[in-house]
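In the working numbering, the protein residues as written are 38 to 156.
Quick reminder that beta carbons are idealized off the backbone N, C-alpha and C, glycines included.
Here the structure is a predicted model, which means the values were calculated and not measured.
Written out as structure tokens, the structure reads:
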């Protein structure tokens, strides 16, 4: 999926990776996309991710699909939307699981908790 058309758009798209967890801002349009299920999605994600011992793209996708899409029977769009917003502060970002791998477990969980507490 194309996320940027010009090289000059890249810094804005990946800036969240270089932003401290405690100052990452959630964009207003991203917050508006959150469904009523966002809190329960974030709760399930936190439980699944805190127990994860291998923090790589495949493990992240597998555990989150199992915990949210399969167990909660929520579509991937609604399952991963709140997680994307928590991780990047935006509704459109680079690939979610790769972004989480780059950020690392501690930072990713901190961002998920921070959005969850703000709901």
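4 or more residues per run - each alpha helix (DSSP H) lying fully within the stretch 59 to 122:
If we require 4 residues or more, the alpha helix (DSSP H) runs fully inside the stretch 59 to 122 come out as 65 to 69, 75 to 87, 94 to 101.
Point to revise | Whole-angstrom distance between residue 155 and residue 58, CA atom to CA atom | key: Position 21 of the chain shown, counted from the first residue, corresponds to residue 58. Position 118 of the chain shown, counted from the first residue, corresponds to residue 155. Answer to the nearest angstrom: the Cα atoms are 14 Å apart.
* Asked: What do you reckon, are the CB atoms on residue 127 and residue 64 nearer than 7 Å?
  -> In the chain shown, residue 127 corresponds to position 90, counting from 1. In the chain shown, residue 64 corresponds to position 27, counting from 1. Closer than 7 Å, so yes.
So residue 137 and residue 97 are supposed to be a Cβ contact under 8 Å. How far apart are they, rounded?
Looking up residue 137 in the chain shown gives position 100. Looking up residue 97 in the chain shown gives position 60. 5 Å between Cβ atoms; contact.
(Q) If the criterion is Cβ atoms closer than 7 Å, does the pair residue 94 and residue 143 meet it? (A) Against the chain shown, residue 94 aligns to sequence position 57. Against the chain shown, residue 143 aligns to sequence position 106. Using a Cβ distance threshold of 7 Å, residue 94 and residue 143 do not count as a contacting pair.
Between the CA atoms of residue 75 and residue 110 - distance to the nearest angstrom: Working through the chain shown from its first residue, we reach residue 110 at position 73. Working through the chain shown from its first residue, we reach residue 75 at position 38. C-alpha of residue 110 to C-alpha of residue 75: approximately 13 Å in a straight line.
Between 139, 102, 69, 99, which has its C-alpha nearest residue 55's C-alpha? The residue given as residue 55 occupies position 18 in the chain shown. Ranking 139, 102, 69, 99 by Cα distance to residue 55 puts 139 first.
What would DSSP say about residue 144, mapped onto helix, strand or coil?
The count along the chain shown starts at 1 and reaches residue 144 at position 107. Residue state, collapsed to three classes: helix.
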